[in-house]
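Student:
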Ligand SMILES: [Zn+2]
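Numbering (our numbering), first residue to last: 1472 to 1683.
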């Protein structure tokens, strides 16, 4: 079971989102470094290193990969520059760290990463590798993404239950054509998942017809 965020962790995530606002990137990522005692001591967001021109055109692809550092890397480098101890600290970040940031986080001795539910366009392998490395290195990860998506999944499950019940109802009452109508009418703002369910349900129904 994923950890549920404490009020303090939620507050830090809210703070991290605020910290991310000055970023000129379309994906605004913010991070907060907190001491083992719980004091929030540093903030960082994704952008170029200090002294490097922070212009909008540098956030167009592929420039942004050349000129901008991720929030996690900026905060760790800033700590090094100022002689601030990162070992034993917690890093709160609005998005799940990429593999490169994960490596820096581990090497910096950060022991806990609290992750918000932000989405990036980076490939899934990045986050899978980061997750594997965090697990292997014994970094505690508290992930709001799970919490948010668990709620969404619960909502989706309820929707699916309604659809499946409707499906069987229409089969029992031999009004199967009504099923599609029901889905379209009741779920006009359907997600892809609901569309997928409809597809699966239709396949099951066709298979049932074929068996007589
Ligand atoms: Zn990163």
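Ideal Cβ positions, reconstructed from N, Cα and C, are used throughout, including at glycine.
It should be emphasised that the depicted structure is a prediction, and the values quoted were computed from it without experimental measurement.
May I ask which residues mark the beginning and end of the beta strand (DSSP E) holding residue 1611?
Tutor: Start at 1 with the first residue of the chain shown, and residue 1611 comes out as number 140. 1611 to 1614 is the span of the beta strand (DSSP E), which, as asked, contains residue 1611.
Student: Can you tell me the Cβ-Cβ gap for residue 1606 and residue 1577, rounded? I've got them flagged as a contact below 8 Å.
Tutor: Within the chain shown, residue 1606 is the residue found at index 135, counting from 1. Within the chain shown, residue 1577 is the residue found at index 106, counting from 1. Their Cβ separation, rounded to whole angstroms, is 11 Å, which puts residue 1606 and residue 1577 out of contact at 8 Å.
Student: According to DSSP, residue 1536 sits in a beta bridge with which residue or residues?
Tutor: For this step, residue 1536 is matched to residue 65 along the chain shown. Answer by DSSP bridge pairing: none, since residue 1536 is not bridged.
Student: Which residue spans inside the region 1518 to 1597 form an unbroken alpha helix (DSSP H) run of at least 4?
Tutor: Listed in chain order, the complete alpha helix (DSSP H) runs (minimum 4 residues) inside the region 1518 to 1597 are 1534 to 1538, 1542 to 1552 and 1570 to 1578.
Student: Under 7 Å between the Cβ atoms of residue 1502 and residue 1564?
Tutor: Along the chain shown, one-based indexing puts residue 1502 at 31. Along the chain shown, one-based indexing puts residue 1564 at 93. Closer than 7 Å, so yes.
Student: Can you tell me which of 1579, 1592 and 1570 puts its alpha carbon nearest to the alpha carbon of residue 1600?
Tutor: Taking the first residue of the chain shown as position 1, residue 1600 is located at position 129. Ranking 1579, 1592 and 1570 by Cα distance to residue 1600 puts 1570 first.
Student: Let me have the residue list for ligand 1: C-beta closer than 5 Å to any non-hydrogen atom, ordered along the chain.
Tutor: The filter returns 1541, 1569 and 1572, in chain order.
Student: Looking only at its own chain, which residues have a Cβ that is under 7 Å from the Cβ of residue 1580, when we skip the five neighbours before and after it?
Tutor: In the chain shown, counting from the first residue as 1, residue 1580 sits at position 109. Excluding sequence neighbours, residue 1580 sits near 1557, 1558 and 1559.
Student: DSSP three-state label for residue 1502, please.
Tutor: By one-based count along the chain shown, residue 1502 stands at place 31. Residue 1502: strand per DSSP, three-state reduction.
Student: Using only alpha-carbon positions, find the residue among 1530, 1479 and 1567 that is nearest to residue 1493.
Tutor: Mapped onto the chain shown, residue 1493 falls at position 22. Answer by Cα proximity: 1530.
Student: Could you name the residues of the same chain whose beta carbon sits closer than 8 Å to that of residue 1660, not counting the 5 residues immediately before and after it, in chain order?
Tutor: Stepping through the chain shown from its first residue, residue 1660 is reached at position 189. Reliability fails at residue 1660, whose pLDDT of 46 lies under 50, so the model's placement of it is uncertain and no value is given.
Student: Quick one: residues in its chain with C-beta nearer than 8 Å to the C-beta of residue 1526, no 5 flanking neighbours on either side, listed in chain order?
Tutor: For this step, residue 1526 is matched to residue 55 along the chain shown. For residue 1526, where only same-chain residues beyond five positions count, the Cβ hits under 8 Å are 1495.
Student: At the 7 Å Cβ level, is residue 1602 part of the contact set with chain C, yes or no?
Tutor: Checking the listed chains, one finds no chain C in this structure; it contains a single protein chain.
Student: So residue 1513 is in the beta strand (DSSP E); what residue range does that whole segment cover?
Tutor: Here residue 1513 is taken as the residue at index 42 of the chain shown, counted from 1. Residues 1511 to 1516.
Student: Would you decide whether residue 1543 is buried or exposed? Buried here means 16 or more other CB atoms lie within 10 Å of its CB.
Tutor: Translated into positions along the chain shown, residue 1543 becomes position 72. Looking at its Cβ environment, which holds 16 or more other Cβ atoms inside 10 Å, residue 1543 is buried.
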